[in-house]
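Peer 1:
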Amino acid sequence: MKTKRQTVMSPQTRLAHGRRRARARWRVPVLAPADAERASELFRAQRRRGVLALVLIFALILGLPVVFALWPVLDSLRLLGIPVSWLTLAVLPYPAMTAIAQLQLRRAEKLEDR
């Protein structure tokens, strides 16, 4: 005899599915003219500073293959039996991208604090 399958879900999920409603369109908040100008200036300044972070990330990601092409000896160097080129690809980008993101966040917050 086959048992009937039953879906198990949390009460919050059940309530959310039961209360489906049409989502209203998102409206841009209306700001005072001075606030709107400040927001525009802040956006432009943060966008300019964000370009540096993007350039650094692209240089990191696209620069690693260039480094390996220029110095193929990195494939023959081994650390704990693993080629240095593999370790560089597996370990270096993530902490570097995290550091770049932290730098960008600090720079953006400094602009907001002005």
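Last residue of the sequence shown: number 1111 in the numbering used here, and the count goes up by one each step with no gaps. Where is the CB? At the ideal position from N, CA and C, for every residue including glycine.
Report all residues from its chain with a CB closer than 6 angstroms to the CB of valine 1166; omit the five preceding and five following residues, and keep chain order.
Peer 2: Residue 1166 is absent from the model: the chain starts at 998 and stops at 1111.
Peer 1: Is it the case that the CB of valine 1052 approaches a heavy atom of the ligand GTP more closely than 7 angstroms?
Peer 2: No copy of the ligand GTP occurs in the structure displayed, which carries no ligand at all.
Peer 1: Looking at the structure shown, is leucine 1057 part of a helix, part of a strand, or coil, going by DSSP?
Peer 2: helix
Peer 1: Proline 1080 bridges to which residues according to DSSP?
Peer 2: Arg1075
Peer 1: Would you check if there are 3 or more beta carbon pairs closer than 8 angstroms linking the segment 1042-1050 to the segment 1084-1093?
Peer 2: no
Peer 1: On a Cα-Cα basis, can you pick out the residue from Ala1031, Ala1105, Trp1068, Ala1093 that is closest to alanine 1056?
Peer 2: Ala1093
Peer 1: According to DSSP, is lysine 1001 part of a helix, a strand, or is it coil?
Peer 2: Residue state for lysine 1001 is assigned as coil, using DSSP reduced to three classes.
Peer 1: For leucine 1067 and leucine 1077, what's the separation of their Cα atoms in angstroms?
Peer 2: 23 angstroms
Peer 1: Note down, in chain order, each residue of its chain lying with its Cβ closer than 7 angstroms to the Cβ of isoleucine 1054, except the 5 sequence neighbours on either side.
Peer 2: Closer than 7 angstroms at the Cβ level, and outside the excluded window around isoleucine 1054, lie Met1094, Ile1097.
Peer 1: Out of Glu1038, Trp1083, Gln1099, point me to the one whose CA is closest to alanine 1050's CA.
Peer 2: Gln1099
Peer 1: According to DSSP, simplified to helix, strand and coil, what is alanine 1029?
Peer 2: coil
Peer 1: Give the secondary structure of serine 1037 by DSSP, where H, G and I count as helix, E and B as strand, and everything else as coil.
Peer 2: helix
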